[in-house]
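Participant: Each residue of the sequence shown is one higher than the one before, counting from 15 in our numbering. Where is the CB? At the ideal position from N, CA and C, for every residue including glycine. Remember, it's a predicted structure, so these values are computed and weren't measured experimentally. Take this structure, written in structure tokens, and hold onto it; I'll ask about it next.
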Amino acid sequence: MSFNNFFSTSTNRGVSFSYAESSADNPKLVGILFTIRVDPSQSTTPFVHVENHGYFSEETEVLFSMHTVFRIHDIKVIGSGRPIYEVNISLTLDSNEELRALTDHIRRENHVDGKGWARLGQLLIELSQQDTAEKIYDTLLNQTSDDSEEALICHQLGRIRHRQGLFQESIILYTKSLMLLEKSLPANHPSLGTLYANIGSVYDSMGDYPKSLEYYGKALSIDQQSLPENHPLLATSYGNIGSVYHSMGDYPKSLEYYEKALSIRQQSLPENHPHLATSYNNIGSVYYRKVDYSKS
15 MSFNNFFSTS TNRGVSFSYA ESSADNPKLV GILFTIRVDP SQSTTPFVHV ENHGYFSEET
75 EVLFSMHTVF RIHDIKVIGS GRPIYEVNIS LTLDSNEELR ALTDHIRREN HVDGKGWARL
135 GQLLIELSQQ DTAEKIYDTL LNQTSDDSEE ALICHQLGRI RHRQGLFQES IILYTKSLML
195 LEKSLPANHP SLGTLYANIG SVYDSMGDYP KSLEYYGKAL SIDQQSLPEN HPLLATSYGN
255 IGSVYHSMGD YPKSLEYYEK ALSIRQQSLP ENHPHLATSY NNIGSVYYRK VDYSKS
């Protein structure tokens, strides 16, 4: 886990616990106490004691730099009344091989298409800055006369509309992108599979499960033709279909597809990749719905 800002901590457990306890009193918040283990002789991450510089010196504050990465060891419930969660973590090293392998894989996995402003727009969508991304793509759409560029822009605008909850507009934009790409790409091109999957996702959000399965099925068919049998995107397609069957209450079918997704991810992803955790959670959720709590 990591924080995208400076991380203020204290060597005084009582101080930290009081903050967690006050958060637990708010029904909209969850109280969490992080217990951190640090080996100063090995750490390459900047952190500093600031107790003599802060306003509240009794807090014995230690400040960690932005984007510090910690390893989660375990989580347990502590305290009485509303639950407070104690999360035991330790500071990782920049040279940690598992962290480096995972980081490299995620960096490759999240590559974006396009150049310049289009590339920036995609990054803004990933950062949930839809409004800014939308302005960029609207401008690009008015400036282009190229079908392939227009298809990419409509695709990204479709993603934005989906995240904004404008489902019908999203489907219209995705469909326009699909029609433009079909002019120049073979029927089994992975880009078409991505669009089918995105349309399926919109129908899933709308609760139209038959339509969602139809488009997810088209995406899976293309993935099976164009990708290696253990490719992570194939696992995503299986997982998407499993999710729809889960929502429909068809747990045997859901489990079948979730297990296919897990099998591929076990072969193709680092063992600490978050998508593996997603697969385990999905399967556990199905067993929970089937009232098989020991399996769950």
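Is arginine 175 closer than 8 Å to leucine 187 when the C-beta atoms are compared?
Facilitator: Mapped onto the sequence shown, residue 187 falls at position 173. Mapped onto the sequence shown, residue 175 falls at position 161. Yes.
Participant: Report the residue from Tyr229, Asp237, Gln178 whose alpha carbon sits nearest the alpha carbon of asparagine 202.
Facilitator: By one-based count along the sequence shown, residue 202 stands at place 188. Comparing Cα-Cα distances from asparagine 202 to each of Tyr229, Asp237, Gln178, the minimum goes to Asp237.
Participant: Give the single residue among Thr292, Val52, Met80, Met220 whose Cα lies nearest to the Cα of glycine 253.
Facilitator: Position 239 of the sequence shown, counting from 1, holds the residue named residue 253. Cα-wise, what sits closest to glycine 253 is Thr292.
Participant: What is the residue span of the alpha helix (DSSP H) that threonine 292 lies within?
Facilitator: Residue numbering aside, residue 292 sits at position 278 when the sequence shown is read from its first letter. Note, threonine 292: alpha helix (DSSP H), 288-303.
Participant: Less than 8 Å between C-beta atoms, sequence neighbours within five positions excluded: which residues of the same chain meet that for leucine 154?
Facilitator: Reading the sequence shown from its first residue, position 140 is the one you call residue 154. The residues are Trp131, Ala132, Gly135, Glu163, Ile167.
Participant: Could you check which residue in Glu228, Asp161, Tyr217, Ser184 has the C-alpha nearest to that of glutamate 196?
Facilitator: Here residue 196 is taken as the residue at index 182 of the sequence shown, counted from 1. Of the listed residues, the one whose Cα sits closest to glutamate 196 is Asp161.
Participant: Give me the residue from Leu209, Pro41, Val83 with the minimum Cα distance to phenylalanine 61.
Facilitator: To locate residue 61, count along the sequence shown from 1; it is residue 47. It is Val83.
Participant: Can you have a look at glycine 221 and say buried or exposed, based on whether 16 or more other CB atoms are within 10 angstroms of its CB?
Facilitator: The residue you call residue 221 lines up with position 207 of the sequence shown. Flag for glycine 221 reads exposed.
Participant: Which class does phenylalanine 20 belong to by DSSP, given the choice of helix, strand or coil?
Facilitator: In the sequence shown, residue 20 corresponds to position 6, counting from 1. DSSP places phenylalanine 20 in coil when its eight states are reduced to three.
Participant: Below 8 Å on the Cβ atoms is my guess for arginine 303 versus tyrosine 259; work out the distance and round it to an integer in Å.
Facilitator: Here residue 303 refers to the residue found at position 289 when the sequence shown is read from its first residue. Here residue 259 refers to the residue found at position 245 when the sequence shown is read from its first residue. With a Cβ gap of about 11 Å, arginine 303 and tyrosine 259 do not count as contacting.
Participant: So, using beta-carbon positions, are serine 226 and glycine 214 closer together than 8 Å?
Facilitator: As a position in the sequence shown, residue 226 is number 212, starting the count at 1. As a position in the sequence shown, residue 214 is number 200, starting the count at 1. The answer is yes: Cβ separation under 8 Å.
Participant: Count the other CB atoms, across all protein chains shown, that sit within 10 Å of the CB of glutamine 11; report buried if there are 16 or more and exposed otherwise.
Facilitator: This structure cannot speak to residue 11, because the chain is shown only from 15 to 310.
Participant: In three-state DSSP terms, what is leucine 155?
Facilitator: Numbered from its first residue, the sequence shown carries residue 155 at position 141. DSSP places leucine 155 in helix when its eight states are reduced to three.
Participant: Three or more C-beta pairs closer than 8 Å, one from the segment 137-144 and one from the segment 41-56: is that the case here?
Facilitator: Contact between the segment 137-144 and the segment 41-56 is absent, because fewer than three Cβ pairs lie under 8 Å.
Participant: What number of angstroms, rounded off, separates the C-alpha of proline 288 from the C-alpha of leucine 276?
Facilitator: Within the sequence shown, the letter at position 274 stands for residue 288. Within the sequence shown, the letter at position 262 stands for residue 276. So the two alpha carbons sit approximately 12 Å from each other.
Participant: Our contact map puts proline 246 next to serine 282 with C-beta atoms below 8 Å; I'd like the distance itself, whole angstroms only.
Facilitator: Position 232 of the sequence shown, counted from the first residue, corresponds to residue 246. Position 268 of the sequence shown, counted from the first residue, corresponds to residue 282. Their Cβ separation, rounded to whole angstroms, is 5 Å, which keeps proline 246 and serine 282 in contact under 8 Å.
Participant: What's the gap between the Cα of asparagine 156 and the Cα of glycine 179?
Facilitator: For the purposes of this step, residue 156 is identified with residue 142 of the sequence shown, where counting begins at 1. For the purposes of this step, residue 179 is identified with residue 165 of the sequence shown, where counting begins at 1. Going by the C-alpha atoms only, they are around 24 Å apart.
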